[in-house]
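Undergrad: The opening position of the sequence shown corresponds to residue 198 in our numbering, with each subsequent residue numbered one higher.
Backbone N, C-alpha and C define an ideal beta-carbon position, used for all residues, glycine too.
Remember, it's a predicted structure, so these values are computed and weren't measured experimentally.
Mind looking over this structure? Questions follow.
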Amino acid sequence: MKTNAHSALDASALLAPSRIQRRDPGDHDVRIEILFCGVCHSDVHTVRNEWHGTTYPCVPGHEIIGRVAKVGAKVGKFKEGDIAGVGCLVDSCRTCASCMANLEQFCEAGAIFTYNSPDKHSGGVTYGGYSESIVVDEAFVLTVPRNLDHAGAAPLLCAGITTYSPLKHNNVSKGQKVGVVGLGGLGHMAVKIAKALGAHVVVFTTSLNKVEDALRLGADEVVHSKDEAAMKKHLNSCHFILDTVAGKHDINAYLVLLRRDGTLTQVGVPSEPLAVDVSNLIFGRRNFSGSLIGGLKETQEMLDFCGAHNITSDIELIPIQKVNEAYDRLVKGDVKYRFVIDMASLKQASALA
Ligand code: NAP
Ligand code: ZN
Ligand code: ZN
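Here it is as structure tokens:
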């Protein structure tokens with residue numbers, strides 16, 4: 198069936214209304230009418246081809262919450278009317294060592310991401326959540342805790358899991374000092390989740406106007422990262438630092454804040470390489486690592502954790518007609534703290550057309 202969407206035709210184009218094909222649900226598929234879709238900075242990097250791998254037309258969106266509209270004959274986990282989530286992954290080989298270890302994001306045959314990945318069904322590329330509906334194998338569809346606000350829960354599907362996974366992998370626990378670099382979509386989720394894990398959270402921000410918010414979100418301390426004296430106070434003190442910064446920045450300024458054997462995990466993906474002064478790793482035996490979203494099992498675990506702790510994203514709800522403006526504002530750091538598209542706006546616009 199054809200469904201309404203917003204897509205970009207090339208790297209310089211704005212997102213514009215389009216119609217895309219969705220397959221009929223197969224035996225194991227779920228068709229989801231999309232209610233809300235978050236706007237991740239990765240959407241902007243991809244639409245603007247900043248990572249040099251975008252196939253056009255591109256329909257971004259991987260923070261999807263919707264209502265199940267149809268299920269295939271063999272679907273067991275969902276029924277019509279359920280609220281369901283889809284994150285960054287829609288398929289993988291399911292047999293390689295990574296898939297068997299519930300780490301589908303590292304599938305050795307190539308994970309199938311929600312958009313801009315090869316689509317074995319259509320022969321083209323996958324199209325994401327800036328659309329009225331999506332069809333996904335139930336193995337890649339998540340159950341959303343009933344107590345969570347639907348729009349606020351959408352960003353958990355990427356920003357939530359991308360921050361939860363490295364915090365868990367690095368055994369962040371009660372009393373540890375955890376730094377969060379960059380207070381954007383990912384950063385503000387990291388603050389909420391690290392706090393719920395019992396950590397002492399320090400936010401490092403380039404934006405003085407976010408200090409009050411950081412404290413309200415749960416940070417114990419906030420540091421203006423351009424203030425050298427304030428940065429110095431945290432030398433050699435952090436057990437773990439999560440760096441969510443989307444652009445070029447000096448990683449060494451944060452590596453030196455790690456205590457012995459501490460780890461800095463990079464989740465932000467600047468389009469240019471970051472220069473690491475290796476002496477900052479050698480002295481103190483510090484670790485510098487990366488992390489990519491999370492597998493399906495851990496994504497469900499994260500949703501359940503957020504349900505139990507009543508954690509959702511702080512959002513600005515926008516109609517899809519404002520999405521290009523939202524991209525420009527996101528790049529300027531002008532969002533508190535995640536744009537979420539109300540997909541009713543797409544339905545209304547197409548009904549009027
Ligand atoms: P975002 O909302 O734009 O947040 C990024 C924050 O980084 C900004 O709010 C800003 O916080 C800080 N920042 C400092 N210097 C910056 C600079 N030169 N350019 C841009 N930001 C700067 O973005 P997001 O959606 O959280 O995504 C952050 C990054 O993570 C993106 O690169 C995205 O592609 C990537 N990502 C990675 C994964 C993964 O699996 N690894 C998953 C999702 C997204 P302050 O104002 O507080 O300094
Ligand atoms: Zn994302
Ligand atoms: Zn695999």
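Are at least three pairs of beta-carbons, each pair with one atom in the region 276-286 and one in the region 484-497, less than 8 Å apart?
TA: yes
Undergrad: What residue does the beta strand (DSSP E) around H366 start on, and which one ends it?
TA: Where H366 is concerned, there is no enclosing beta strand (DSSP E), although the alpha helix (DSSP H) it sits in stretches over 356-366.
Undergrad: For F485, which three-state DSSP category applies?
TA: strand
Undergrad: Mapping DSSP to helix, strand and coil, what is V520?
TA: Three-state DSSP puts V520 in a helix.
Undergrad: Expressed to the nearest angstrom, what Euclidean distance is found between the alpha-carbon atoms of R482 and N368?
TA: 18 Å
Undergrad: Say the cut is 7 Å; is the CB of K267 nearer than that to a heavy atom of ligand 1?
TA: no
Undergrad: Measure from the alpha carbon of K584 to the alpha carbon of each residue in V338, T323, L354, Q302, then state which is nearest.
TA: Only positions 198 to 550 of the chain appear in this structure, which leaves residue 584 out of reach.
Undergrad: Name all residues in chain order for which at least one heavy atom of ligand 3 lies closer than 7 Å to the residue's CB.
TA: S289, C290, R291, T292, C293, S295, C296, E301, C304, E305, A306
Undergrad: Going by the C-beta, is C234 closer than 7 Å to any heavy atom of ligand 2?
TA: No - ligand 2 has no heavy atom lying nearer than 7 Å to the Cβ of C234.
Undergrad: Check P342 in the structure and name its three-state DSSP category.
TA: coil
Undergrad: Would you mind stating whether C255 and Y312 have Cβ atoms separated by less than 8 Å?
TA: Yes. Within cutoff.
Undergrad: With DSSP as the reference, identify every bridge partner of K267, one or two as the case may be.
TA: Looking at the DSSP assignment, K267 forms a beta bridge with R228.
Undergrad: With DSSP run on the structure shown, which of helix, strand or coil describes T496?
TA: helix
Undergrad: Beta-carbon separation of S488 and S362 under 8 Å?
TA: Yes. Within cutoff.
Undergrad: Can you look up Q373 in the DSSP assignment and give me helix, strand or coil?
TA: coil
Undergrad: Provide the residue(s) that pair with K552 in DSSP beta bridges, ordered along the chain.
TA: Outside the shown range of the chain, which is 198 to 550, sits residue 552, and nothing can be said about it.
Undergrad: What are the residues that DSSP puts in a beta bridge with L439?
TA: V377, T462
Undergrad: Which partner residues of F536 appear in the DSSP bridge assignment?
TA: E513
Undergrad: Can you tell which of Y324, T509, N433 has the C-alpha that lies nearest to the C-alpha of N484?
TA: N433
Undergrad: Might you give, ordered along the chain, the residues of its own chain that have their beta carbon closer than 6 Å to the beta carbon of Y253, omitting 5 neighbours on each side?
TA: L206, D207
Undergrad: According to DSSP, S547 sits in a beta bridge with which residue or residues?
TA: Looking at the DSSP assignment, S547 forms no beta bridge with any residue, so it has no partner.
Undergrad: Compare the C-alpha of D221 against each of Q545, V265, A391, V332 and name the closest.
TA: V332
Undergrad: Measuring alpha carbon to alpha carbon, tell me which residue in L232, T251, G376, G381 is nearest E526.
TA: Checking the sequence, you will find Arg at residue 526 rather than Glu. Of the listed residues, the one whose Cα sits closest to R526 is G381.
Undergrad: CB H397 to CB D417, shorter than 8 Å?
TA: Cβ atoms of H397 and D417: closer than 8 Å.
Undergrad: So L286 is in the beta strand (DSSP E); what residue range does that whole segment cover?
TA: 286-288
Undergrad: Quick check: S319 and A202, are their CB atoms within less than 8 Å of each other?
TA: no
Undergrad: Measure the alpha-carbon distance for A351 versus G459 and round it to whole angstroms.
TA: 31 Å
Undergrad: Do V419 and H431 count as a contact pair if the criterion is CB distance below 8 Å?
TA: no
Undergrad: What I want to know is whether the C-beta of S239 ends up closer than 7 Å to one or more non-hydrogen atoms of ligand 2.
TA: yes
Undergrad: Can you list the beta strand (DSSP E) stretches of 3 or more residues lying completely in the region 389-458, in chain order?
TA: 397-402, 418-421, 435-440
Undergrad: Using the DSSP secondary-structure output, state which residues sit across from V322 in a beta bridge.
TA: P315
Undergrad: Got a sec, what are the start and stop residues for the beta strand (DSSP E) A350 sits in?
TA: Segment 347-350 is the alpha helix (DSSP H) holding A350; no beta strand (DSSP E) there.
Undergrad: Could you compute how far the alpha carbon of L478 sits from the alpha carbon of E230?
TA: 48 Å
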